[in-house]
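Chains as they are written, first to last, in this note's numbering: chain A, 3 to 106; chain B, 4 to 725.
Take a look at the structure set out below.
Pasting the structure below:
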């Protein structure tokens, strides 16, 4: 019975430590910058690159004629440029807080 | 001690869920990241606590600690250790604990992997996942606790349901529940995204892999269930349209639709309302699946899960449905489409068709599954629909689905030209025509037009996927000069989603060939045979050579105390094909009311199938021995064995087994020759192999960096957007 109580108390202490750590660490930490939409744009950029590669693959495997591929590729690259331009407008990427502090 | 720890840990788990929900929502509303982080850590804490709970219960089962109600009710000292470990999830309480434990583990993985992403969405997703956690830990703490104890402690337990003593039962429930719980993750992230009106590319990237993982695990679970049905249940089929089977298939179908249509949103910004609806429906169907297994609301072979948990589940499902509708309706401005379909001759159009077919399939299955309930509610009389009803609607839809899975790979995104389409369809069409000609010329397939159509559709898929691989490898070799194998490897490695998907399509075609062939061309007979007698099925001659009987020493190691069976010689054209050993295992009764001997074998009995599986056909057999003819011997044994000498009961049982071997009564046999069943399992392996390829993380930074540089170079040349 005593062993059981000790296990539960240890479990409770571990949980309190685990969930309480970010609240303790927050004291004295600078507030993080708000989400500026960069991760969304990065994901959109990756998706656009994938689309460009897909179109290239479709062309190489005969699903797109050279004319259609040329037109589509230009359009996709223009869209990629637009995404890169919007990313550039956000400025250099801010440093991410080291993992293990409050972001585990 | 263990039970007390378990009960306290469950209360703690519930408290952690409630705290985490509050912390995550407060953090989201106030913009205080530390509270969001604390909420996120509550998910990890939940996983830790539930791991302790699960370990306590697992240890109790392995130690046969019958002070736990659930151990006494679902295990016994005679249950083999292998099955004691799996018996945890044979009980309702244990399976709910497994469900929420897996939920906590997968949620922790999801929350950890997105710790630097979707900062506005994650707090709400965390709250939803912990909401599910609170629901299930609440059930476990107050309504169906696995840590209830009993006094005095019984000396022996009831034992594991014999039907569940099959190796696939070790893996089937965890796979199924992994699928269900993983589908709650895209659901939770969809709720979060809709709350903050953000369904962008980052959201898609985050949920896609969890949706794929859920699809993967649930699919494996469904297939293992089919395999278990085929090898264990003694009826020779792998799919019976049982409500619990249907419950697992529905979220898988909608998940498949979602995995396809989310690609259209990723590429074109289209179908956002549709995708949000699909992902919310998938999560809800996953909960519905759990409800059907655990509520006992529908009669099925899985009725061992009957319980009184119906009301809480109905309330939860009503909340999920109402909440989902509310979110989609109120967020429709954020879900406006960015583009429209360019052409009906495009991969997008094929995907839309594929989605409609998959949703149609799901609707048919939903209606057939719930019809008995609806009928009872409306007319007061319970009626049900059987396999012929399901087949009438699902078979044509499956044919269209397989055909579409062949069309999709050879058609371009956005807009294909008729000339290109004609060129790309040539090989698949030729493959289909060739298959048709060969089958008509060399087989009797013409007498089953639906099966014949399925074979042709599958050949179309084979032609289509084969052509794609061939052209891709050829293009790769032309570019790099690599050898055939290296080029194939590079091609798949560099285009995992594309070629993983194609492999899945090929696997589905193989699987459906197996289903069509084994359904249409199966030969089955139920016969009563005495030793020396024969029966012919599908060109095979089955001869009952001699009876077999064993006591305690169960050849399948399932823990049955008496195993009665037969040695069956199977010949074809006078040549020996195989010798099968079907048998039936008899297990102890939960009490001693049937006397010292009768109680040893008075519990449930289950078939052990005699099976010779092959690429061309399976030769299958099951036996139902005439146990009633042994009843006089059992009765006599009950009279002579005193209750104080249970060991003597085994001696009597051995004598009964000897008698059965010496003077066997005729036995009932089910004999089946079924073509291409193995193709179902091989197709399944291909499907999940392809899924694994598609899920595997992208080769990464090197390729991306190279592409980045290339687009960067082109930036200078590209026209300035207006």
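Every residue, glycine too, gets a C-beta built ideally from N, C-alpha and C.
Owing to the predicted nature of the structure, the values given are computational and were not obtained by experimental measurement.
Environment of residue i [buried if 16+ CB atoms lie within 10 Å]
{"i": "residue 503 (chain B)", "result": "buried"}
{"i": "residue 270 (chain B)", "result": "buried"}
{"i": "residue 382 (chain B)", "result": "exposed"}
{"i": "residue 59 (chain A)", "result": "buried"}
{"i": "residue 186 (chain B)", "result": "buried"}
{"i": "residue 684 (chain B)", "result": "buried"}
{"i": "residue 341 (chain B)", "result": "exposed"}
{"i": "residue 4 (chain B)", "result": "exposed"}
{"i": "residue 154 (chain B)", "result": "exposed"}
{"i": "residue 444 (chain B)", "result": "exposed"}
{"i": "residue 93 (chain A)", "result": "exposed"}
{"i": "residue 488 (chain B)", "result": "exposed"}
{"i": "residue 68 (chain B)", "result": "buried"}
{"i": "residue 556 (chain B)", "result": "exposed"}
{"i": "residue 172 (chain B)", "result": "buried"}
Cβ-based neighbour list, residue i, same chain, cut-off 8 Å, excluding 5 preceding and 5 following
{"i": "residue 261 (chain B)", "result": "189, 214, 278, 281, 282 and 285"}
{"i": "residue 414 (chain B)", "result": "348, 349, 350, 353, 424 and 427"}
{"i": "residue 44 (chain A)", "result": "89"}
{"i": "residue 580 (chain B)", "result": "543, 573, 574, 615 and 622"}
Cβ neighbours of residue i in the same chain (closer than 6 Å, five flanking residues each side left out)
{"i": "residue 595 (chain B)", "result": "602"}
{"i": "residue 202 (chain B)", "result": "196 and 275"}
{"i": "residue 519 (chain B)", "result": "454 and 457"}
{"i": "residue 1 (chain B)", "result": "This structure cannot speak to residue 1 (chain B), because chain B is shown only from 4 to 725."}
{"i": "residue 675 (chain B)", "result": "239, 527 and 623"}
{"i": "residue 546 (chain B)", "result": "537 and 572"}
{"i": "residue 355 (chain B)", "result": "none"}
{"i": "residue 625 (chain B)", "result": "237, 585, 610, 612 and 673"}
{"i": "residue 243 (chain B)", "result": "none"}
{"i": "residue 168 (chain B)", "result": "86 and 561"}
Residue of the options minimising C-alpha distance to residue i
{"i": "residue 688 (chain B)", "options": "B:90, B:535 and B:511", "result": "B:511"}
{"i": "residue 513 (chain B)", "options": "B:468, B:21, B:501 and B:40", "result": "B:468"}
{"i": "residue 135 (chain B)", "options": "B:376, B:24 and B:243", "result": "B:24"}
{"i": "residue 550 (chain B)", "options": "B:570, B:168 and B:564", "result": "B:570"}
{"i": "residue 323 (chain B)", "options": "B:289, B:343, B:335 and B:421", "result": "B:289"}
{"i": "residue 585 (chain B)", "options": "B:12, B:107 and B:612", "result": "B:612"}
{"i": "residue 53 (chain A)", "options": "B:217, B:272 and B:73", "result": "B:272"}
{"i": "residue 438 (chain B)", "options": "B:421, B:90, B:463 and B:422", "result": "B:463"}
{"i": "residue 501 (chain B)", "options": "B:604, B:524, B:572 and B:475", "result": "B:475"}
{"i": "residue 696 (chain B)", "options": "B:574, B:610, B:576 and B:505", "result": "B:505"}
{"i": "residue 55 (chain B)", "options": "B:77, B:12 and B:18", "result": "B:12"}
{"i": "residue 210 (chain B)", "options": "B:179, B:162, B:167 and B:265", "result": "B:265"}
{"i": "residue 600 (chain B)", "options": "B:667, B:578 and B:655", "result": "B:655"}
{"i": "residue 2 (chain B)", "options": "B:32, B:146 and B:669", "result": "With chain B represented from 4 up to 725, any question about residue 2 (chain B) goes unanswered, as that position is not in the structure."}
{"i": "residue 183 (chain B)", "options": "B:164, B:216, B:163 and B:429", "result": "B:216"}
{"i": "residue 552 (chain B)", "options": "B:530, B:478 and B:588", "result": "B:588"}
Same chain, Cβ closer than 7 Å to residue i, five either side skipped, listed in chain order
{"i": "residue 38 (chain B)", "result": "26, 29 and 30"}
{"i": "residue 369 (chain B)", "result": "253"}
{"i": "residue 636 (chain B)", "result": "659 and 662"}
{"i": "residue 206 (chain B)", "result": "121, 124, 192 and 196"}
{"i": "residue 406 (chain B)", "result": "460 and 463"}
Test item: CB-CB of residue i and residue j under 9 Å
{"i": "residue 694 (chain B)", "j": "residue 222 (chain B)", "result": "yes"}
{"i": "residue 466 (chain B)", "j": "residue 442 (chain B)", "result": "no"}
{"i": "residue 620 (chain B)", "j": "residue 677 (chain B)", "result": "yes"}
{"i": "residue 59 (chain B)", "j": "residue 132 (chain B)", "result": "no"}
{"i": "residue 200 (chain B)", "j": "residue 334 (chain B)", "result": "yes"}
{"i": "residue 114 (chain B)", "j": "residue 212 (chain B)", "result": "no"}
Beta-carbon neighbours of residue i, restricted to chain E and to distances below 9 Å
{"i": "residue 570 (chain B)", "result": "Included in the structure are the protein chains A and B, with no chain E among them."}
Checklist entry - Any residues in the region 402-431 of chain B with a beta carbon nearer than 8 Å to a beta carbon of chain A? Which ones, in chain order? => result Along the region 402-431 of chain B, the positions whose C-beta sits under 8 Å from a C-beta of chain A are 413, 414, 415, 416, 417, 418, 419, 420, 422, 423, 426 and 427, read in chain order.
Next on the checklist: Using a Cβ-Cβ cutoff of 8 Å, what residues of the region 6-18 of chain B are near chain A? List them in chain order.
Outcome noted: Result list: 7, 8, 11, 12 and 15.
Next on the checklist: So if I threshold CB-CB distances at 7 Å, which residues from the region 61-94 of chain A count as touching chain B?
Outcome noted: Hits within the stretch, in order: 62, 63, 64, 65, 66, 67, 70, 74, 79, 80, 82, 83, 84 and 86.
Next on the checklist: Beta carbons nearer than 7 Å to chain A: which residues of the region 450-482 of chain B have them?
Outcome noted: The residues in question are 471, 474, 475 and 478.
Checklist entry - If you measure beta-carbon to beta-carbon, which residues of the region 38-61 of chain A are closer than 9 Å to chain B? => result So the close ones are 39, 41, 42, 43, 44, 45, 46, 47, 48, 49, 50, 51, 52, 53, 54, 55, 56, 57, 59, 60 and 61.
Checklist entry - When Cβ atoms are compared, which residues of the region 48-62 of chain B fall closer than 8 Å to chain A? => result Closer than 8 Å at the C-beta level to chain A, one finds these residues of the region 48-62 of chain B: 48, 51, 52 and 55.
Item to check | Proximal residues, the region 187-211 of chain B versus chain A, C-beta separation under 9 Å | outcome: Cβ contacts with chain A: 201, 203, 204, 205, 206, 207, 208 and 209.
Checklist entry - Relative to chain B, which residues along the region 8-22 of chain A have a C-beta separation below 8 Å, given in chain order? => result Taking 8 Å as the Cβ-Cβ cut-off against chain B, the residues of the region 8-22 of chain A that qualify are 9, 10, 13, 14, 16, 17, 20, 21 and 22.
Next on the checklist: Along the region 488-522 of chain B, where does the CB come closer than 7 Å to a CB of chain A? Name the residues.
Outcome noted: For the region 488-522 of chain B, which is checked against every Cβ of chain A, the residues closer than 7 Å are 498 and 501.
Checklist entry - Residues in the region 431-443 of chain B with C-beta within 9 Å of chain A's C-beta atoms, listed in sequence order? => result Of all residues in the region 431-443 of chain B, none has a Cβ within less than 9 Å of some Cβ in chain A.
Next on the checklist: At a CB distance below 9 Å, what residues from the region 34-45 of chain B approach chain A? Give them in sequence order.
Outcome noted: Answer in chain order: 34, 35, 36, 37, 38, 39, 40, 41, 42, 43, 44 and 45.
Item to check | Residues of the region 266-299 of chain B whose Cβ lies closer than 8 Å to any Cβ of chain A, in chain order | outcome: If the cut-off is 8 Å between Cβ atoms, the region 266-299 of chain B has 269 and 270 near chain A.
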